[in-house]
Amino acid sequence: MTNHPVEMFDYHIWATRTILGRIAELPPTVLSQEVNSSFPTIAHALSHMYAVDEMWYRIFTGIEMRKALQDTMPLAAEVLSGTEEYASRFDQLSERYHAALHQQTDLEQSMVLDNPYAGIREVRLSEILLHVANHGTYHRGNISTMLRQLGHASTMTDYVFYWYQQPNIPSA
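Quick note: the sequence shown uses our numbering, first residue 7, plus one each step.
In structure tokens form, the structure reads like this:
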């Protein structure tokens with residue numbers, strides 16, 4: 007049986023690799039070209055995505071949200087010089103997520119989340135994975151728009167395209 011939150015997280019990894027692959031095909035300056043958008047550059051958008059993914063990984067593995075936020079937000083300001091550096095960081099982080107997922111026996115386990123921006127609430131680990139995937143989708147959309155503003159085509163990262171990258175075993 008498919009674990010849908012884990013599947014969505016795997017989609018997030020695939021889609022992030024896909025957009026990074028597209029950016030790598032373009033002139034290296036595309037990362038640092040300024041645009042009038044949600045972020046000043048594509049590099050800033052990628053750094054934000056990475057910092058937030060890292061923050062949620064820390065929360066997923068038991069670190070209190072305020073501490074995770076404090077420790078990871080400087081990463082959002084850390085602009086890297088090339089797509090290969092971003093790809094390496096995202097790959098290493100996805101490996102850590104997968105290691106934590108293999109150790110976790112109950113993704114429906116709840117935790118109390120003390121979000122300094124929204125307050126205290128209980129969330130399930132599965133919801134964290136879904137949020138990470140959703141957040142990434144939102145910002146990959148920003149990046150696609152930024153690429154178009156810079157005169158470049160983006161690439162398709164919709165969930166349906168992820169389906170076609172996976173083996174399909176028809177039901178009997």
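Glycine included, every Cβ here is placed at the ideal spot set by N, Cα and C.
Remember, predicted model here, so these are calculated numbers, not experimental data.
Residues bridged to residue i [DSSP beta-bridge criterion]
i, result
"S116", "R130"
"N121", "G125"
Cβ pair residue i, residue j closer than 8 Å
i, j, result
"E84", "S53", "yes"
"Y103", "F167", "no"
"T24", "T163", "yes"
"T87", "E114", "In the sequence under discussion, the amino acid at residue 87 is Ser, which differs from the Thr named in the question. Going by C-beta atoms, S87 is not nearer than 8 Å to E114."
"Y17", "Y165", "yes"
"H141", "A51", "no"
"P122", "L156", "no"
"L26", "Y56", "no"
"V12", "L107", "yes"
Near the ligand FAD: residue i beta-carbon under 7 Å from a heavy atom
i, result
"M152", "In the structure on display, the ligand FAD does not appear, and there are no ligands present to speak of."
Residue of the options minimising C-alpha distance to residue i
i, options, result
"L135", "A124, L32, S116 and M79", "S116"
"S100", "Y144, I29, V138 and T143", "V138"
"A159", "L32, F45 and Y63", "L32"
"R109", "T67, D59, T47 and S43", "Position check: residue 109 holds Gln in this sequence, whereas Arg was assumed. Selected option, being the one with the closest Cα: T67."
"I48", "L153, P173 and G157", "L153"
Continuous alpha helix (DSSP H) stretch holding residue i: start and end
i, result
"M71", "M71 to A82"
"L37", "Note, L37: premise wrong, no alpha helix (DSSP H); not H, not E."
"D59", "I48 to F66"
"L99", "T89 to Q109"
"G27", "H10 to A30"
"F167", "Y165 to W169"
Distance between beta carbons of residue j and residue i, contact taken as under 8 Å
i, j, result
"L119", "R127", "6 Å"
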